[in-house]
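Student: If you read the sequence shown in full-length UniProt numbering, its first letter stands for residue 1, the second for the next number, and so on. Using N, Cα and C, we set each Cβ at its ideal position, and we do this for glycine too. All values reported here derive from a predicted model rather than from experimental measurement. This is the structure I want to talk about, given as structure tokens.
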Amino acid sequence: MGSKYVYGPVPSRRLGFSLGVDLVPFKYCSYDCIYCQLGKTTKKTLERKEYAPTEKILKEVKIALNTGGRTDYLTFSGSGEPTLHSKIGYMIKQLKGITAIPLAVLTNGSLLFRSDVQSDLLSADVILPTLCAVSEKIFIKINRNHPLLSIGTIIQGMVDFRRRYQGKIWLEIMLVKGINDSESEIRKIKEATEKIAPDKIHLNTVVRPPSEKYAAPLSYKQLQKIKQSFGDTCEIIAGFKGKKQISYSHTKENDILNLIKRRPVTLDDISHVTGLHKNELLKYLERLKTKQKIKLTQHKAQKYYEVM
Ligand code: SF4
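Next up, the structure:
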């Protein structure tokens, strides 16, 4: 509580306990993905600038690091696309100077073709970009990109970045049923990953409430079949019922559940009352849904959480 830009540490399937650092205002992004768990993009932009005050962010991270708690990764992610922040490179260097905790950047990868973005990320330990499609039409359909972006340039950017960057690249492939899961598109994505040569491939699907209702998940069985074609470096990261969960704070989970028990609430409401960052909240809400304690309903354009 009390932090505006830092949240967690939150349990994360890909990064263990991750201290999240939010660099841009809510849903400032170069994409408006149909599967986005945060809802619709409020500002679709390619403009890089200091969206949030750099020194304040650094101060909050230092306080959070001193407060303790298990932290496996310091992660630049949050409410939109972190590489839009023009001082991300400076912040990575500053933080690498004060902590041995590895630093990760969760990015949609759309700006990796820019040499300034590449340079900014060189000091990070892990970059986690996402690739959903190779065909332009499918790319537009799923990522609803800024019109000045093209998937060919983005993939070439990832290939070029791989050549410059000495750290780890864990590439996420996000699959949506009936949109980018055809055999031919999967084959094209595989060919692209061979050029990008990531250290790991993370197969994912729509497990959290998506921005668009029609963005449906693949089954675990389908993902397993696709995984085989990507080889040994590929793992499924989508959480399915019965899969091992990492530990969560029971107090936070109960506080959230008690709030929802009173009346149906939106993500904004819960964030406002608990003071928790939306990204952190989504992890608890997903867990409560998996335990069948709450459900998501829609009224007009608004999504509400209520008890089952
Ligand atoms: S999923 Fe990520 S890249 Fe896509 S719209 Fe949401 S924040 Fe942007």
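Any residues whose CB sits closer than 5 Å to a heavy atom of the ligand SF4? List them in chain order?
Tutor: Going by the Cβ distance cut-off, the answer is Cys29, Tyr31, Cys33, Cys36 and Asn108.
Student: Reducing DSSP to helix, strand and coil, say where Ala133 ends up.
Tutor: Within the sequence shown, the letter at position 133 stands for residue 133. Three-state DSSP puts Ala133 in coil, outside helix and strand.
Student: Can Lys168 and Asp125 be called in contact, C-beta distance under 8 Å?
Tutor: For the purposes of this step, residue 168 is taken as residue 168 along the sequence shown, with counting starting at 1. For the purposes of this step, residue 125 is taken as residue 125 along the sequence shown, with counting starting at 1. Contact flag set, yes.
Student: Since I believe Val6 is in contact with Ala100 (beta carbons under 8 Å), could you give me their beta-carbon distance rounded to a whole number of angstroms?
Tutor: Sequence index remark: in the sequence shown, residue 100 carries index 100 (1-based). Sequence index remark: in the sequence shown, residue 6 carries index 6 (1-based). With a Cβ gap of about 18 Å, Ala100 and Val6 do not count as contacting.
Student: On the CB-based measure, 16 or more other CB atoms within 10 Å of its CB, does Ile98 come out buried or exposed?
Tutor: Translated into the one-based positions of the sequence shown, residue 98 becomes position 98. Exposed, by the Cβ-count rule.
Student: So what does DSSP say about Ser30, is it helix, strand or coil?
Tutor: Residue numbering aside, residue 30 sits at position 30 when the sequence shown is read from its first letter. Of the three classes helix, strand and coil, the one that applies to Ser30 here is coil, per DSSP.
Student: Between which two residues does the alpha helix (DSSP H) carrying Leu58 extend?
Tutor: As a working mapping, residue 58 is identified with position 58 in the sequence shown. Run containing Leu58: Thr54 to Thr67, per the alpha helix (DSSP H) assignment.
Student: Tell me whether Lys227 counts as near the ligand PLP, meaning its Cβ is closer than 7 Å to at least one heavy atom of that ligand.
Tutor: Of the ligands one can find in the structure shown, namely the ligand SF4, none is the ligand PLP.
Student: With a cut-off of 8 Å on the beta carbons, I'd call His146 and Lys43 a contact; round off their distance for me.
Tutor: Counting from 1 along the sequence shown, the entry for residue 146 is found at position 146. Counting from 1 along the sequence shown, the entry for residue 43 is found at position 43. Going by Cβ atoms, the distance from His146 to Lys43 rounds to 10 Å, so no, they are not a contact pair.
Student: Using 8 Å as the Cβ pair cut-off and three pairs as the minimum, do the region 70 to 77 and the region 12 to 24 touch?
Tutor: Yes, the region 70 to 77 touches the region 12 to 24.
Student: Where does the unbroken beta strand (DSSP E) through Tyr284 begin, and where does it stop?
Tutor: If you number the sequence shown from 1, residue 284 lands on position 284. That residue, Tyr284, is in no beta strand (DSSP E); its alpha helix (DSSP H) goes Lys278 to Thr290.
Student: Per DSSP, what kind of secondary structure is Ser18 in: helix, strand or coil?
Tutor: Translated into positions along the sequence shown, residue 18 becomes position 18. Three-state DSSP puts Ser18 in a strand.
Student: Consider the Cβ of Lys200: report whether some Cβ of chain D lies at a distance smaller than 8 Å.
Tutor: Structure shown: chain D not included; a single protein chain is present.
Student: Does the beta-carbon of Asp199 have 16 or more other beta-carbons within 10 angstroms, so that it is buried, or is it exposed?
Tutor: Here residue 199 refers to the residue found at position 199 of the sequence shown. Looking at its Cβ environment, which holds fewer than 16 other Cβ atoms inside 10 Å, Asp199 is exposed.
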